[in-house]
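A.B. asks: Sequential numbering of the sequence shown, starting at 349, is according to this note's numbering. Even for Gly, the Cβ is constructed at its ideal location relative to N, Cα and C. Only a predicted model underlies this, so the values are computations on that prediction, with no experimental measurement involved.
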Amino acid sequence: MTATSQKNKGLRWILLAIVLGLIVISIGLAVFHRKDWNVPAANKNLKNPLLPTEANLAAAREIYGNKCSDCHGEKGKGDGSEAMMYDPLPSDLTDAARMNKVTDGEIFFQISEGRKPMPSYKKKLTEEQRWQLVLLVRSFANGAASAPAAAPENGKPEPPRKAD
Ligand code: HEC
349 MTATSQKNKG LRWILLAIVL GLIVISIGLA VFHRKDWNVP AANKNLKNPL
399 LPTEANLAAA REIYGNKCSD CHGEKGKGDG SEAMMYDPLP SDLTDAARMN
449 KVTDGEIFFQ ISEGRKPMPS YKKKLTEEQR WQLVLLVRSF ANGAASAPAA
499 APENGKPEPP RKAD
């Protein structure tokens, strides 16, 4: 074997190793990387037509107890009785850092469309019921039942207004 063909063979192995490495990396990313929901802008900017009244929250709690708590847990921590059966795990809805980044419209979209293993509730719940759930989901991360307005464009919360 000549020196050049030895060298070519070495190069070929290196290339093969690189290709295999890339395949492994992309499979890893596909499996472990949680994709963005890519909510369309029009849906993202929808405002909740409902106010966080006790009646709306009570209605939401009842639906949540029937349809959501097995996965997301009674208080939204993602620790429902069936949570461990799923991959990815049901989201922790009390994670304020994450939940404050999503608008009401996005939460409404997520509940409506679902994403495996979470089912879609577009046909199972009315629009009003889904907006009631948005109020409840908001209350998990905020502690209180206050529903902040849709996040402003820059993602930063608005400074509190001074009382005059
Ligand atoms: C079968 C289990 C299951 C049920 C039932 C379920 N979810 Fe989920 N939910 C999930 C999983 C898993 C995810 C994460 C999906 C992902 O990131 O791809 C999720 C994500 C979400 C998110 C997005 C949070 C985020 O930013 O990651 C919201 C909001 C949500 N669920 C609310 C609800 C509500 C409200 C109900 C009841 C109407 C419900 N879910 C029922 C499993 C479930």
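Confirm, please, whether the CB-CB distance from Leu394 to Leu453 is below 8 Å.
C.D. replies: Counting from one through the sequence shown, the residue named residue 453 turns up at place 105. Counting from one through the sequence shown, the residue named residue 394 turns up at place 46. For the record, residue 453 in the displayed sequence is Gly; it is not Leu. The answer is yes: Cβ separation under 8 Å.
A.B. asks: The ligand HEC and Ser363: does any heavy atom of the ligand fall closer than 7 Å to the residue's C-beta?
C.D. replies: Taking the first residue of the sequence shown as position 1, residue 363 is located at position 15. For the record, residue 363 in the displayed sequence is Leu; it is not Ser. Incorrect: Leu363 has no Cβ contact closer than 7 Å to the ligand HEC.
A.B. asks: Check whether the Cβ of Gln354 sits closer than 7 Å to any heavy atom of the ligand HEC, and report yes or no.
C.D. replies: As a working note, residue 354 is residue 6 in the sequence shown. No, the Cβ of Gln354 stays beyond 7 Å of every heavy atom of the ligand HEC.
A.B. asks: Between Leu473 and the rest of its own chain, which residues show a CB-CB distance below 7 Å, the 5 nearest in sequence each way excluded?
C.D. replies: Locating residue 473 in the sequence shown gives position 125, counting from the first residue. So the qualifying residues of the chain are Ile411.
A.B. asks: Can you give me the start and stop residues for the alpha helix (DSSP H) that Lys383 sits inside?
C.D. replies: Taking the sequence shown and counting its residues from 1, one reaches residue 383 at position 35. It is not in any alpha helix (DSSP H) - Lys383 carries neither H nor E in the DSSP assignment.
A.B. asks: On the premise that Leu441 lies in contact with Gly426, defined as a C-beta separation below 8 Å, what is that separation, rounded to the nearest angstrom?
C.D. replies: Counting from 1 along the sequence shown, the entry for residue 426 is found at position 78. Counting from 1 along the sequence shown, the entry for residue 441 is found at position 93. With 8 Å as the limit, Gly426 and Leu441 qualify as a contact, their Cβ atoms being about 7 Å apart.
A.B. asks: Please report the distance separating the alpha-carbon of Arg478 from that of Asn396.
C.D. replies: In the sequence shown, residue 478 corresponds to position 130, counting from 1. In the sequence shown, residue 396 corresponds to position 48, counting from 1. Computed Cα separation, rounded: 10 Å.
A.B. asks: With hydrogens ignored, establish whether the beta-carbon of Leu398 is closer than 7 Å to any heavy atom of the ligand HEC.
C.D. replies: Taking the sequence shown and counting its residues from 1, one reaches residue 398 at position 50. No - the ligand HEC has no heavy atom lying nearer than 7 Å to the Cβ of Leu398.
A.B. asks: Under a three-way DSSP split, which group does Lys472 fall into?
C.D. replies: Numbered from its first residue, the sequence shown carries residue 472 at position 124. Three-state DSSP puts Lys472 in coil, outside helix and strand.
A.B. asks: May I ask you to list the residues that DSSP assigns as paired with Arg463?
C.D. replies: One-based indexing of the sequence shown puts residue 463 at position 115. In the DSSP output, where bridge partners are listed per residue, Arg463 has Met466.
A.B. asks: Just verifying my parser: in three-state terms, what is the DSSP assignment at Cys419?
C.D. replies: If you number the sequence shown from 1, residue 419 lands on position 71. If DSSP states are grouped into helix, strand and coil, Cys419 belongs with the helices.
A.B. asks: Is any non-hydrogen atom of the ligand HEC found closer than 7 Å to the C-beta of Arg409, if you look at the structure I gave you?
C.D. replies: Residue numbering aside, residue 409 sits at position 61 when the sequence shown is read from its first letter. Result no, Cβ not under 7 Å from the ligand HEC.
A.B. asks: Please report the residue range of the alpha helix (DSSP H) in which Ala444 lies.
C.D. replies: The residue labelled residue 444 in the question sits at position 96 within the sequence shown. Counting along the chain, the alpha helix (DSSP H) containing Ala444 begins and ends at 444 to 447.
A.B. asks: Find the nearest neighbour of Asp418 within the set Met466, Trp385, Gly462, judged by alpha-carbon distance.
C.D. replies: As a first step, residue 418 is located in the sequence shown; it is residue number 70 there, counting from the start. Of the candidates Met466, Trp385, Gly462, the one whose C-alpha sits nearest the C-alpha of Asp418 is Met466.
A.B. asks: Could you check whether the Cβ of Gln458 sits closer than 7 Å to any heavy atom belonging to the ligand HEC?
C.D. replies: On the sequence shown, residue 458 is found 110 positions in, with the first residue counted as 1. Because some heavy atom of the ligand HEC lies under 7 Å away, the Cβ of Gln458 counts as near it: yes.
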